[in-house]
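Position 435 (the sequence shown) corresponds to 452 in our numbering; numbering is contiguous. This report refers to the structure that appears directly beneath it.
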Amino acid sequence: MFGLRPAFPGGIRLPVLERRDDAAVVRQLPFAPRLFLPLRQHPGAAAVAVVRAGEEVLRGQLLARADDETAVPLHAPATGRIVGISEQPDRGLTTVSVIELAPLPGDTQEDPGRPVRDPTAAGPEALLAAIGDSGLVGLGGEAGPTALRLARARARGVRVLVVNGIEGEPGFTRIPALLARHGDDVLTGLRCLLRVLEADQAVLAVEEADGAAAGALLARARQDTRPALQILPPRYPQGAAELLLRRLARSGSDGGRALAADPAVVFSLATVAEVGRLLSGGLTLTDQLITLAGDGLGDPGNYRVPLGTPVRFALEQAGVLADLDRVLAGGPMRGQALADLDRPIVKGATGFVAVAADGSARVPEPMACIRCGECVAACPLNLHPAELGLLARREEVQAMVEDYQLERCFECGCCAYVCPSHIPLVQIFRAAKDQWRRAQAAAVAQERT
Ligand code: SF4
Ligand code: SF4
């Protein structure tokens, strides 16, 4: 523990939500009748399909290979039959090829894997290749290829591994589940990542609610790879990697001093646990841990869900109410309302929030900006959300980008949360960024013609 000197401006203290008794429980979601697997599930190159319609595949089998370092291979989440491969809309900007897979009814769906006794016995290069082959992406909200991030961290001589055990969204409960149910995977993953990075220092950061569970887990860690534990008072959005590094570096603790002196890289606790789980079992990424939350669910909690499961099916398994106001992909602060519940759950998803139509979380009508400055005080990046909002109303997107650093905004939602006029600032900024990227892409295309 350390002093409370703030290391970044703004941020907010969210109301502390009482944790459900089953916060550390993980339930397995059954297979949906159809799974839908986009060949590109993150910003980066698409994978290349190696299967055809009508082919039968085994769970864990390669469906699409990665021909580019920014792509990740895709594996079958279930034993079944490839129904087809079709082009479908991808975030409204472009299209993407999607493999449709029908799980085989009655199959045990066991993934035999390739048992590996101790993955850390392998050398750094072999471990890095195994992580790449597993199809793993960041599971803490940023879904970039894990192998690529590791390779880049190695290339810049990173010495300190920071494990981010801070829940990214209020109401999500993946951290207690990972600490309680995947402790061995976390410790194995930690050793694997330290070996790949050839680093000798690690820090595990958690908030107070998870401090005791993290302490109990680290007591079981091997002395030579035991991370320093940093327990932070709650403050949103300190789980963002850049802010977390700043906060830890200024902590005055042992781990903080290491961070101030040596280059560091941040991996989420979920990613570290998955490295351990996949490499010790010789497995590929075919399912992942998410939280299904919100007052629109009768049975919210943590679920292990096969990739490609339609959101609607997952919510039905969690007892969704008939009358929903909206469903957010992600949590209440950073989540985006889903227009189509038949979209599949893809790699890197952290959870979904179902908001009941008659619940208390309905969105109030926005009013005019009263120039109170609350949003400016809340922004952890020192941006000027009020001015950005006014420019957006005047459709001056270029000024938003060039004069007010729109693209630095990581859509944490602090400004919108504190705004007394209920102006949906994050949605406004998201739309402006989309508009800007489309304009840039059109300009590049025109230059080429
Ligand atoms: S959403 Fe963007 S502008 Fe608003 S507080 Fe977060 S970083 Fe700042
Ligand atoms: S918090 Fe809302 S009302 Fe206040 S300055 Fe910002 S945008 Fe305007």
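Quick reminder that beta carbons are idealized off the backbone N, C-alpha and C, glycines included. Bear in mind the structure is a predicted one, so any value in this text is a computation, not a measurement.
Open item on the list: Measuring straight from C-alpha to C-alpha, what distance separates Arg57 and Val180?
Closed with: Their Cα atoms are separated by approximately 26 Å.
Open item on the list: The beta strand (DSSP E) that contains Thr163, what's its start and end?
Closed with: Careful: Thr163 lies outside any beta strand (DSSP E), inside the alpha helix (DSSP H) at 163-172.
TODO: Note down, in chain order, each residue of its chain lying with its Cβ closer than 7 Å to the Cβ of Arg22, except the 5 sequence neighbours on either side.
DONE: In this prediction, Arg22 has a pLDDT of 47, which is less than 50 and means its spatial position is unreliable; what the coordinates show is noted afterwards. The beta carbon of Arg22 lies closer than 7 Å to those of Arg267 in the same chain, with the five residues before and after it left out.
Open item on the list: With a threshold of 8 Å, are at least 3 pairs of Cβ atoms found where one atom belongs to the segment 152-167 and the other to the segment 45-61?
Closed with: Yes: the two stretches touch, three or more of their Cβ pairs being nearer than 8 Å.
Open item on the list: Tell me the DSSP secondary structure of Gln255 in three-state form.
Closed with: DSSP places Gln255 in coil when its eight states are reduced to three.
- [ ] Just the C-alpha distance for Asp84 and Ile387, rounded to the nearest angstrom, thanks.
- [x] Taken atom to atom, the span from the alpha-carbon of Asp84 to that of Ile387 is near 52 Å.
- [ ] Alpha carbon to alpha carbon, how far is Arg454 from Val461? Give it in angstroms, no decimals.
- [x] Rounded to whole angstroms, Val461 to Arg454 spans 11 Å at the Cα level.
Open item on the list: Which of the three DSSP states is assigned to Ala354 in this structure?
Closed with: Residue state, collapsed to three classes: strand.
Open item on the list: Within 10 Å of its beta-carbon, does Gly77 have 16 or more other beta-carbons around it, so buried, or fewer, so exposed?
Closed with: Classification for Gly77: buried.
- [ ] Write down the C-beta distance between Leu286 and Ile192 rounded to the nearest angstrom, noting that I regard them as a contact closer than 8 Å.
- [x] Indeed they touch by this definition, with Cβ atoms about 6 Å apart.
- [ ] Could you please give the first and the last residue of the uninterrupted beta strand (DSSP E) stretch that includes Phe284?
- [x] It spans 281-285 - the beta strand (DSSP E) in which Phe284 sits, taken as one unbroken run.
Task: Span of the alpha helix (DSSP H), counted from its first residue to its last, around Tyr434 - done: Boundaries of the alpha helix (DSSP H) harbouring Tyr434: 431-435, taken from the DSSP string.
Open item on the list: I'd like the list of long-range same chain contacts for Asp359, defined as Cβ closer than 7 Å, with 5 residues on each side in sequence excluded.
Closed with: Once the five neighbours on either side are set aside, the close Cβ partners of Asp359 are Pro327, Arg329.
Task: Glu186 classed as buried or exposed, judged by whether at least 16 other C-beta atoms fall within 10 angstroms - done: A residue is called buried when at least 16 other Cβ atoms come within 10 angstroms of its Cβ; Glu186 meets this threshold and is buried.
Task: Contained alpha helix (DSSP H) runs [length at least 4] in the segment 72-153, N- to C-terminal order - done: Listed in chain order, the complete alpha helix (DSSP H) runs (minimum 4 residues) inside the segment 72-153 are 141-150.
Open item on the list: For Ala456, count the other beta carbons within 10 Å of its own beta carbon; 16 or more makes it buried, fewer makes it exposed. Which is it?
Closed with: With fewer than 16 Cβ atoms within 10 Å of its Cβ, Ala456 is classed as exposed.
Task: Rounded straight-line distance, which links the Cα of Glu184 to that of Met18 - done: Confidence in Met18 is poor, its pLDDT being 37 and thus under 50, which makes the residue's placement unreliable; the coordinate value appears in the next sentence. The alpha-carbon of Met18 is positioned some 18 Å away from that of Glu184.
Task: Distance between Glu419 and Glu159 (C-alpha atoms, nearest Å) - done: Going from the Cα of Glu159 to the Cα of Glu419 covers about 25 Å.
Task: Limits of the beta strand (DSSP E) - the one that Pro55 falls within - done: Counting along the chain, the unbroken beta strand (DSSP E) around Pro55 starts and ends at 52-55.
Open item on the list: Quick check on the DSSP output: the beta strand (DSSP E) that includes Ile307 runs from which residue to which?
Closed with: Residues 304-310.
Open item on the list: Is any non-hydrogen atom of ligand 2 found closer than 6 Å to the C-beta of Ile440, if you look at the structure I gave you?
Closed with: Yes - ligand 2 has a heavy atom lying nearer than 6 Å to the Cβ of Ile440.
Task: Cross-strand partners of Gln14 (DSSP beta bridge) - done: Residue 14 falls outside the range modelled here, since the chain spans only 18 to 466, and no answer is possible.
Open item on the list: Let's see if you can read the secondary structure: which residues bound the alpha helix (DSSP H) around Arg267?
Closed with: Run containing Arg267: none; DSSP gives neither H nor E here.
Task: Ala374 beta carbon less than 7 Å from that of Leu324 - done: Taking a C-beta distance under 7 Å as the contact criterion, Leu324 and Ala374 do not qualify as a contact pair.
Open item on the list: Tell me whether Glu424, by its Cβ, gets closer than 6 Å to a heavy atom of ligand 2.
Closed with: No, the Cβ of Glu424 stays beyond 6 Å of every heavy atom of ligand 2.
Open item on the list: Between Val42 and ligand 1, is there a pair consisting of the residue's CB and a ligand heavy atom that are separated by less than 6 Å?
Closed with: Not one heavy atom of ligand 1 lies closer than 6 Å to the C-beta of Val42.
TODO: Rounded to whole angstroms, what's the CA-CA distance from Arg173 to Val414? Just pull it up for me.
DONE: A straight line joining the alpha-carbon of Arg173 with that of Val414 spans about 35 Å.
Task: C-alpha distance - Ala10 paired with Thr367, whole-angstrom precision - done: Lying before the first or after the last residue shown, residue 10 is absent from the chain, which here runs from 18 to 466.
Task: Three-state secondary structure (DSSP) of Gln422 - done: Gln422 falls in the coil class under three-state DSSP.
Task: CA nearest to the CA of Leu300, picked from Val435, Val370, Leu91, Ala449 - done: Comparing Cα-Cα distances from Leu300 to each of Val435, Val370, Leu91, Ala449, the minimum goes to Leu91.
Open item on the list: Less than 7 Å between the beta carbons of Gly311 and Ala354, yes or no?
Closed with: Cβ atoms of Gly311 and Ala354: not closer than 7 Å.
Task: Proximity test, Gly406 beta-carbon vs ligand 2 heavy atom, cut-off 6 Å - done: Placement of the Cβ of Gly406 at a distance of less than 6 Å from at least one heavy atom of ligand 2 is found.
Task: Assigned exposure category for Ala449 - 16 Cβ within 10 Å defines buried - done: So Ala449 ends up on the buried side.
- [ ] Could you please give the first and the last residue of the uninterrupted beta strand (DSSP E) stretch that includes Ala245?
- [x] Here the beta strand (DSSP E) through Ala245 covers 245-249.
- [ ] Mind checking who Val414 pairs with in its DSSP beta bridge?
- [x] Note: Val414 is not bridge-paired with any residue in the DSSP secondary-structure output.
Open item on the list: For a quick check, are the C-beta atoms of Val175 and Ala216 less than 7 Å apart?
Closed with: Yes. Within cutoff.
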